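K.L.:
Residue numbers (our numbering): 251 to 508.
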Ligand SMILES: [Fe+2]
Ligand SMILES: [Fe+2]
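#1: Can you give the Cα-Cα distance for residue 430 and residue 288, rounded to whole angstroms?
#2: Is any non-hydrogen atom of ligand 2 found closer than 7 Å to the C-beta of residue 326, if you look at the structure I gave you?
#3: Just reading off the beta strand (DSSP E) that residue 345 is part of, what are its end residues?
#4: Figure out for me which residue from 268, 305, 284, 259 has the closest Cα to the Cα of residue 456.
#5: Could you check what DSSP says for residue 367 in three-state terms: helix, strand or coil?
#6: Comparing the CB of residue 295 with every heavy atom of ligand 2, is any distance shorter than 7 Å?
#7: Quick one: using the 10 Å Cβ neighbour count with 16 as the cut-off for buried, is residue 374 buried or exposed?
#8: For residue 312, tell me which candidate among 488, 417, 407 has the shortest Cα-Cα distance.
#9: Would the C-beta of residue 381 count as close to ligand 2, meaning under 7 Å from any of its heavy atoms?
#10: To the nearest whole angstrom, what separates the beta carbons of residue 465 and residue 277, a pair I think is in contact under 8 Å?
#11: May I have the straight-line CA-CA distance separating residue 333 from residue 316, to the nearest angstrom?
#12: Within the present structure, is the beta-carbon of residue 318 separated from the nearest heavy atom of ligand 2 by less than 7 Å?
#13: Would you tell me roughly how many angstroms separate the C-alpha atoms of residue 486 and residue 338, rounded to the nearest one?
#14: Taking its Cβ as the centre, do 16 or more other Cβ atoms sit within 10 Å of residue 460, making it buried, or is it exposed?
#15: Taking only the alpha-carbon atoms, compute the straight-line gap between residue 454 and residue 419 and give it to the nearest angstrom.
#16: Going by beta carbon distance, what residues of the same chain come within less than 7 Å of residue 451, once the five residues before and after it are set aside?
#17: What does residue 254 pair with, by DSSP beta-bridge criteria?
#18: Leaving out five residues on either side along the sequence, give the residues of the same chain with a beta carbon under 6 Å from the beta carbon of residue 345.
#19: Taking the Cβ atom as the reference point for each residue, do residue 404 and residue 329 lie within a distance shorter than 8 Å?
#20: Using alpha carbons as the reference points, say which of 484, 392, 502 lies closest to residue 494.
#21: Can you tell me whether DSSP reads residue 358 as helix, strand or coil?
#22: Is residue 371 closer than 8 Å to residue 439 when the C-beta atoms are compared?
#23: What's the C-alpha gap between residue 321 and residue 476?
Listed below in structure tokens is the structure:
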């Protein structure tokens, strides 16, 4: 197994100041474990932006977009380092095994622009748009100025990661046939999103003290995901001419039956 090891970052910059005061022993373990998991997930999401950047290059998009996506790859690594400094706040070592990574889908059955836009919808319009809502909630609840500052930096970047995708949808030369094909693909994309976030439902609800150190509240996070999809992603795609409402209803119904 390869290890993700941020001990050098913590040695250089120290832990983030979080207030552990009234946390129960169990919540302390849960909070530390979730920051460690997040350290890994931020880190591996850098490769998603590396892929988007090379897909944008292949699709002939502007060099500015290609460069911006490459910069976002670095931002995700920076988020992982910030998470490592929170892990250290719990007196834990910021080291974790790297999971076996599923490849980022290249959608080689489609032309380069279509392949890119599928990933853009999934990454920016779904995942990053949801991340903005989730990190925004965490930022509002953070118990120390230091943790708030870290979450503010992460939030600002996630806003950029969401916006670049919505902008690409506005600027890309999408004809009616492509719009219809992307619309037809949305149900698959939404079903993956639901599967990903459904894990939250198995996670515990937590106390205010745990929320203040950034521990996730499982059921609340799932609700926030659904609310964001229904109030931002689906209407945003509909406004751009994609049949998103129908696809969302279908994905929800399928996943309920599963
Ligand atoms: Fe991130
Ligand atoms: Fe991001």
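In this text, a Cβ means the ideal position worked out from N, Cα and C, and glycines have one as well.
All of these numbers come straight from a predicted model, not from anything done at the bench.
P.N.:
This is what the structure holds:
#1: Looking up residue 430 in the chain shown gives position 180. Looking up residue 288 in the chain shown gives position 38. Going from the Cα of residue 430 to the Cα of residue 288 covers about 36 Å.
#2: Residue 326 sits at position 76 when you count from the first residue of the chain shown. For ligand 2, at least one heavy atom lies less than 7 Å from the Cβ of residue 326.
#3: Working through the chain shown from its first residue, we reach residue 345 at position 95. Start and end: 345-347.
#4: Locating residue 456 in the chain shown gives position 206, counting from the first residue. If we check each option's Cα against that of residue 456, 284 comes out closest.
#5: Here residue 367 corresponds to residue number 117 of the chain shown, with the count starting at 1. Of the three classes helix, strand and coil, the one that applies to residue 367 here is helix, per DSSP.
#6: To locate residue 295, count along the chain shown from 1; it is residue 45. Under cutoff, so the answer is yes.
#7: Taking the first residue of the chain shown as position 1, residue 374 is located at position 124. Its Cβ being crowded by 16 or more others within 10 Å, residue 374 is buried.
#8: The sequence position of residue 312 within the chain shown is 62, counting from 1. The closest CA to that of residue 312, considering only 488, 417, 407, is found on 417.
#9: Taking the first residue of the chain shown as 1, we reach residue 381 at position 131. Residue 381: yes, Cβ under 7 Å from ligand 2.
#10: The count along the chain shown starts at 1 and reaches residue 465 at position 215. The count along the chain shown starts at 1 and reaches residue 277 at position 27. Right, the Cβ-Cβ distance comes to about 6 Å (below 8 Å), so this counts as a contact.
#11: What you label residue 333 is simply residue 83 of the chain shown in a count that begins at 1. What you label residue 316 is simply residue 66 of the chain shown in a count that begins at 1. Cα-Cα distance, rounded: 27 Å.
#12: Along the chain shown, one-based indexing puts residue 318 at 68. Because no heavy atom of ligand 2 lies under 7 Å away, the Cβ of residue 318 does not count as near it: no.
#13: Within the chain shown, residue 486 is the residue found at index 236, counting from 1. Within the chain shown, residue 338 is the residue found at index 88, counting from 1. So the alpha carbons of these two residues sit roughly 39 Å apart.
#14: Against the chain shown, residue 460 aligns to sequence position 210. The residue in question, residue 460, is buried, as its Cβ has 16 or more Cβ neighbours within 10 Å.
#15: Position 204 of the chain shown, counting from 1, holds the residue named residue 454. Position 169 of the chain shown, counting from 1, holds the residue named residue 419. Between residue 454 and residue 419, the C-alpha separation is close to 37 Å.
#16: By 1-based counting over the chain shown, the position of residue 451 is 201. Answer for residue 451: 468, 469, 472, listed in chain order.
#17: In the chain shown, the residue the question calls residue 254 occupies position 4. Residue pairing for residue 254: DSSP places it in a beta bridge opposite 346.
#18: Locating residue 345 in the chain shown gives position 95, counting from the first residue. Spatial neighbours of residue 345 in its own chain (CB-CB distance under 6 Å, excluding positions within 5 residues in sequence) are listed in chain order as 253, 255.
#19: Counting from one through the chain shown, the residue named residue 404 turns up at place 154. Counting from one through the chain shown, the residue named residue 329 turns up at place 79. It is a contact, given that the beta carbons lie within the stated cut-off.
#20: What you label residue 494 is simply residue 244 of the chain shown in a count that begins at 1. Across the set 484, 392, 502, the C-alpha of 484 shows the shortest separation from the C-alpha of residue 494.
#21: Here the question's residue 358 lines up with position 108 in the chain shown. Here residue 358 sits in coil by DSSP.
#22: Position 189 of the chain shown holds residue 439. Position 121 of the chain shown holds residue 371. Contact: yes.
#23: Locating residue 321 in the chain shown gives position 71, counting from the first residue. Locating residue 476 in the chain shown gives position 226, counting from the first residue. Residue 321 and residue 476: Cα-Cα distance of roughly 29 Å.
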